[in-house]
Amino acid sequence: RQIGETIMRHRPVRHEEARWRSAELLKRVRVANPERVLDLYPHELSGGMQQRANIAIAIALDPALLVMDEPTTALDASVQAEIIAILDDLRREHKTSILLISHDINLIRRSCDRVAVMQAGAVVESGDAKGVFENPSHAYTKALIASIPALNFTKRDGRLAETGTTVRDRPDATAAAADQRDSYRRNGQVAIACKGISHSFGDQAVLHNVDLEIGQGETFGLIGESGSGKSTLARIVTGLQTPSQGSVALFGRTVAARAERRAQSERRDVQMVFQSPDRTLNPRHRIGRIISRPLRRLAGLGRSDARNRVADLL
């Protein structure tokens, strides 16, 4: 039901079509027996299945950008790998841009084309993933990489340096962006661009003049400790939080800060998968309705089309 409502909200479809589309959406995120899953409640699904349903909702309207805020934190390694494989399918087959936010360096390393490292609300290093991880230039990035446990259990000094947090002075040193320009800048299109994003909660500054661009079909990793400003930036990109300063542009066009003030097509183009699937899915509704909801509200599908779309997504 939750999938179907998404479809019916944005697509001129009836309930039957919304359910069919909901099942199709579940198929896309590798859910077996999607028709059966549509009639289940969130508490009847595993964490991995719940997160698949969340992804189905997020991709129901074929967004240009998918914001993933710690999408695999509560999942075991095998399920995490399946979720990342699904995201890779979306990137390759549908040219969906992905902003992957995580504190898991290994996850970012194997999943992303480019990365940015955040500390105390600022981007301290950015560039292509291989270059950043193999040749980090900023002390904070080096400390993060050094903190990764070694499989051979060789003792190493992995303690992060005392280099500042959101409640302490941050360092003056800022690494330059990677010299190598990525292929999407030469041949592709910038899907999303943040310019001069700053934000404070009261007297506490959490973002400091953040600039970043994500190319169409590119997976961009955002790394940083808890409190570094990653999720705040994600909420600003999706229009759930208004920045104190700065702007967000979608395919070269500046969009309103708040989601409700953006055009319907702009809201469709930026979707988000939140960190906790058990808190994201409405426990009172079945999965089919949950996934179809954005399809009906944002895509204008009728029930029948939305149903078909949900089945395809699952």
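Sequence positions in the sequence shown follow this note's numbering and run 1 to 314.
Glycine included, each C-beta is placed from N, C-alpha and C at the ideal position.
D203, buried or exposed, once every other Cβ within 10 Å from all chains shown has been counted against 16: Exposed: under 16 other Cβ atoms inside 10 Å.
Residue range of the alpha helix (DSSP H) that includes E5: Q2 to H10 is the extent of the alpha helix (DSSP H) around E5.
Minimum C-alpha distance to H199 - residue among I3, S137 and Q245: That would be Q245, whose Cα lies nearest to the Cα of H199.
Which of helix, strand or coil DSSP assigns to Y41: Coil.
S147 Cβ short of 7 Å to the ligand MN heavy atom set: Questions concerning the ligand MN fall outside what the structure shown contains, since it holds no ligand whatsoever.
Stretch-stretch touch, CB-based, cutoff 8 Å, three pairs: the segment 77-91 with the segment 294-309: Under the three-pair Cβ rule at 8 Å, the segment 77-91 does not count as touching the segment 294-309.
Under the three-state DSSP convention, the category I148 falls into: Three-state DSSP puts I148 in coil, outside helix and strand.
Other residues of its chain near T254: CB distance less than 8 Å, five sequence neighbours each side excluded: Closer than 8 Å at the Cβ level, and outside the excluded window around T254, lie S247 and V248.
Y184, buried or exposed, once every other Cβ within 10 Å from all chains shown has been counted against 16: For Y184, the pLDDT reaches just 47, beneath the cut-off of 50, and the residue's location in the model is therefore unreliable, leaving the point undetermined.
Residue range of the unbroken alpha helix (DSSP H) whose run includes Q119: Careful: Q119 lies outside any alpha helix (DSSP H), inside the beta strand (DSSP E) at R114 to Q119.
Given G131 as reference, the closest of I145, D312, A257 and I291 once Cα atoms are compared: Among I145, D312, A257 and I291, the Cα nearest to that of G131 is on I145.
Three-way DSSP call (helix, strand, coil) for L66 in this model: Strand at L66.
Per-residue DSSP class, three states only, for G202: The answer is coil: DSSP assigns G202 none of H, G, I, E or B.
Nearest candidate by alpha-carbon position, reference E125, set K142, Q51 and L298: For E125, the nearest C-alpha among the options comes from K142.
Terminal residues of the alpha helix (DSSP H) in which E82 lies: For E82, the enclosing alpha helix (DSSP H) covers residues A77 to H94.
Proximity of M8 and A18 at Cβ, strictly below 8 Å: Contact: yes.
Short Cβ contact (8 Å threshold) for R289 with G4: Yes, Cβ-Cβ distance for R289 and G4 is below 8 Å.
Candidates S102, Q2 and I59: closest to Q275 by CA position: Q275 has its Cα closest to that of S102, out of S102, Q2 and I59.
Inter-residue spacing [alpha-carbon to alpha-carbon] between V37 and R1: In a straight line, the C-alpha of V37 is about 11 Å away from that of R1.
Reduced DSSP category for L160 - H, G, I as helix; E, B as strand; rest coil: With a pLDDT of only 47 at L160, under the threshold of 50, the placement of this residue in the model should not be trusted; the figure read from the coordinates follows. Here L160 carries a coil assignment [DSSP, helix/strand/coil].
Beta bridge counterpart(s) of A143 as assigned by DSSP: Answer by DSSP bridge pairing: none, since A143 is not bridged.
DSSP three-state assignment for A257, whether helix, strand or coil: For A257, the secondary structure class from DSSP, reduced to helix, strand or coil, is coil.
Where the alpha helix (DSSP H) containing E16 begins and where it ends: Boundaries of the alpha helix (DSSP H) harbouring E16: H15 to R28, taken from the DSSP string.
Coarse secondary structure for Q275, derived from DSSP in three states: If DSSP states are grouped into helix, strand and coil, Q275 belongs with coil.
Where the beta strand (DSSP E) through Q245 begins and ends: Taken as a continuous stretch (DSSP letters only), the beta strand (DSSP E) holding Q245 covers Q245 to L250.
Exposed unless 16 or more other CB atoms sit within 10 angstroms - verdict on A32: So A32 counts as exposed.
D39 burial status per 10 Å Cβ neighbour count (16 or more: buried): It is exposed - the Cβ of D39 has fewer than 16 other Cβ atoms within 10 Å.
Cross-strand partners of D128 (DSSP beta bridge): DSSP, once it has assigned bridges, lists R114 as partnering D128.
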